[in-house]
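Under the working numbering, the sequence shown is numbered contiguously, ending at residue 187.
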Amino acid sequence: GKTEASKKAYEDAKAEANTAVTEAETVIANANATEQEVAAAKDKVDAAKTKLDNAKAGLVDVDKTALTNAKNALQEDVNQGAATAGKTEASKAAYETAKTEAQQAVAKAQEVIDNANATEQDVANAKAKVDEAKQKLADAKAGLVDVDKTKLTEAKNALNTDIEAGAATAGKTEASKKAYEDAKAEA
1 GKTEASKKAY
11 EDAKAEANTA
21 VTEAETVIAN
31 ANATEQEVAA
41 AKDKVDAAKT
51 KLDNAKAGLV
61 DVDKTALTNA
71 KNALQEDVNQ
81 GAATAGKTEA
91 SKAAYETAKT
101 EAQQAVAKAQ
111 EVIDNANATE
121 QDVANAKAKV
131 DEAKQKLADA
141 KAGLVDVDKT
151 KLTEAKNALN
161 TDIEAGAATA
171 GKTEASKKAY
181 EDAKAEA
């Protein structure tokens, strides 16, 4: 696609050229046209042609550099991934969702980059989506939360304390002492 400003300049020059052609046809059709009228019409045609040629040469492609750079940076973040082992299911799910959305934004951005007819607005919209996806991915990565093992650690430590403290087995039956020793070994 071409920039809106360059397309407008071209369309304006084209309209002016059409007007010059119409005026030239009128002078050509006029059997009583003077040399001065013919020269003036030719000057308008020449000026319109120059302006149209300049406008054609001035058609500027939409700049996709910022979108390309943003897409590449997002793709790098997606490829880099994140360590999800030992993280909560909810935080892993949020990260995977953000990662999927980022991959979709990368794909959409590539479509716009590859589209020769993409407008400045298409590029701006795609870049905004890439930037948003990049932020969501960064937030989800930062939001990965470790599984809380505090209560398990506390319970294990309490059990170890009980094991180390032992139990008075004097005067107890052999069966109950064996059951205690077996339970202690399993713990």
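Backbone N, C-alpha and C define an ideal beta-carbon position, used for all residues, glycine too.
DSSP state of residue i, grouped into three classes?
{"i": "D148", "result": "coil"}
{"i": "D61", "result": "strand"}
{"i": "N160", "result": "helix"}
{"i": "N72", "result": "helix"}
{"i": "N79", "result": "helix"}
{"i": "A85", "result": "coil"}
{"i": "N32", "result": "coil"}
Would you call the CB atoms of residue i and residue j closer than 8 Å?
{"i": "K134", "j": "A73", "result": "yes"}
{"i": "L67", "j": "V130", "result": "yes"}
{"i": "A13", "j": "A55", "result": "yes"}
{"i": "V145", "j": "K87", "result": "yes"}
{"i": "V60", "j": "T3", "result": "yes"}
{"i": "K127", "j": "A98", "result": "no"}
{"i": "V78", "j": "Q104", "result": "no"}
{"i": "V27", "j": "E37", "result": "yes"}
{"i": "G1", "j": "A124", "result": "no"}
{"i": "K71", "j": "E16", "result": "no"}
On the DSSP letters alone, give me the boundaries of the alpha helix (DSSP H) that residue i sits inside.
{"i": "K51", "result": "35-57"}
{"i": "T97", "result": "89-114"}
{"i": "T26", "result": "4-29"}
{"i": "K172", "result": "Premise fails: K172 is in no alpha helix (DSSP H) and is neither H nor E."}
{"i": "N117", "result": "Run containing N117: none; DSSP gives neither H nor E here."}
Looking at C-alpha atoms only, which residue of the options is the closest neighbour of residue i?
{"i": "T138", "options": "E76, N69, N160", "result": "Note that residue 138 is Ala in the sequence shown here, rather than Thr. The shortest Cα separation from A138 among E76, N69, N160 belongs to E76."}
{"i": "K64", "options": "V112, E132, Y180", "result": "V112"}
{"i": "A83", "options": "N157, K141, G1", "result": "K141"}
{"i": "A24", "options": "K151, E132, K42", "result": "K42"}
*Would you check if there are 3 or more beta carbon pairs closer than 8 Å linking the stretch 47-63 to the stretch 92-103?*
no
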